[in-house]
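Novice: Pasting a structure here, questions to come.
Numbering (my numbering), first residue to last: 4 to 387.
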């Protein structure tokens, strides 16, 4: 690899780690503050004692059909005096809130759990036998999807398509990522050495999370999924263009190196700048933290799957043109590109992009002065 490219890559990693260290605490503070504000219906935490906070947090986990019961329990707690009596009522009600959510569906969940376990083991064994190295990914992917189905049954969450076209595009991006992973492993069996157990689980979690967002994400602004998909398509198209230009035979070597640097910059800037700006704009325009997060999550999920698929496709293509070189221009076995795709693409986009998008959404909502939704009689409100 050219020394300038290696120097810039080191600088990009350092900047990404610094941004991550700064973004994560800020994101957690903003999200925690907004969630507490939402759970308490705008009431100041200083006016609530610990039993009240405990019960309010537990009731916030209830599905819609149980919310009225939870509000009634909080209202009843307000009339109880005595620290011990309040703690007893709050703890018993909180335990009931957590238990009541899925209790009516235990008869259904038991066989579903058995199917999920059996399906995950079978998928891992069959896939590992057909494509060595992909067993952990297949088992994890099937298991995570099964857990999502169990949660949907337990909490009566209906699978729906909040935005059909966006849903199909995000589902197609996930399918492209899975297809390219299988294709890469089949064409380059040595790549199994570069897909660790953690890498397989991480890949499965990211792609399964993308499917959940596509079919079961909460409802919000109908334009949000399309805005997120639009950002992702521009991001993936720009990344593909820069990767292609980085080894185009008609370009001068100096120009190719510049394009390689721009591809790295594009990947990092998309995670640290583009996604939070999109979330900030959506939250500011809609005066809603939730809308900003929604746009950011759709953009990040789609971008991660598309950029990962593009990276693997271009890695195979480049290796046929210039054997012995990885996609980043450094000498190495072709299978190493799979590990680089997991770390440099999925890792950068998810680990840096998510907290950055949360910060952008939080700042956008606060900039426009998001107002609290207060329910009469100081009852909490959890759904918009």
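Glycine included, each C-beta is placed from N, C-alpha and C at the ideal position.
Among 61, 53 and 62, which residue has its Cα nearest to the Cα of residue 88?
Specialist: The option with the nearest alpha carbon to residue 88 is 53.
Novice: Specify the secondary structure class of residue 326 as computed by DSSP and reduced to three states.
Specialist: Correct three-state label for residue 326: coil.
Novice: Suppose you measure from the CA of residue 353 to the CA of residue 193; what does that come to, to the nearest Å?
Specialist: Going from the Cα of residue 353 to the Cα of residue 193 covers about 26 Å.
Novice: Provide the residue span of the alpha helix (DSSP H) that contains residue 238, from first to last.
Specialist: Counting along the chain, the alpha helix (DSSP H) containing residue 238 begins and ends at 226-248.
Novice: Taking only the alpha-carbon atoms, compute the straight-line gap between residue 170 and residue 370 and give it to the nearest angstrom.
Specialist: Their Cα atoms are separated by approximately 30 Å.
Novice: Going by DSSP, what residue range makes up the alpha helix (DSSP H) through residue 259?
Specialist: Run containing residue 259: 256-272, per the alpha helix (DSSP H) assignment.
Novice: Excluding the 5 residues preceding and the 5 following residue 183 in the sequence, name in chain order all residues of the same chain whose CB lies nearer than 8 Å to its CB.
Specialist: So the list reads 311, 312, 315 and 316, once near-sequence residues are dropped.
Novice: Does the beta-carbon of residue 325 have 16 or more other beta-carbons within 10 angstroms, so that it is buried, or is it exposed?
Specialist: Counting Cβ neighbours within 10 Å, residue 325 comes out exposed, since fewer than 16 surround it.
Novice: If you check the beta carbons only, do residue 230 and residue 301 fall under 9 Å apart?
Specialist: It is a contact, given that the beta carbons lie within the stated cut-off.
Novice: Quick check on the burial criterion: 16 or more other C-beta atoms within 10 angstroms. Buried or exposed for residue 339?
Specialist: Classification of residue 339: buried, given that the 10 Å Cβ count is 16 or more.
Novice: Quick check: residue 349 and residue 307, are their CB atoms within less than 9 Å of each other?
Specialist: Yes, these two residues count as a Cβ contact at 9 Å.
Novice: How long is the line joining the alpha carbons of residue 145 and residue 126, rounded to whole angstroms?
Specialist: Looking at the two C-alpha atoms, the distance is approximately 7 Å.
Novice: I'd like to check one pair, residue 368 with residue 272: are the Cβ atoms closer than 9 Å?
Specialist: Not in contact: residue 272 and residue 368 (Cβ atoms no closer than 9 Å).
Novice: With 16 other CB atoms within 10 Å as the buried threshold, where does residue 91 fall?
Specialist: Exposed, because fewer than 16 other Cβ atoms sit within 10 Å of the Cβ of residue 91.
Novice: Need the endpoints of the alpha helix (DSSP H) that residue 174 sits in, please.
Specialist: Counting along the chain, the alpha helix (DSSP H) containing residue 174 begins and ends at 167-190.
Novice: Rounded to whole angstroms, what's the CA-CA distance from residue 256 to residue 139? Just pull it up for me.
Specialist: Their Cα atoms are separated by approximately 40 Å.
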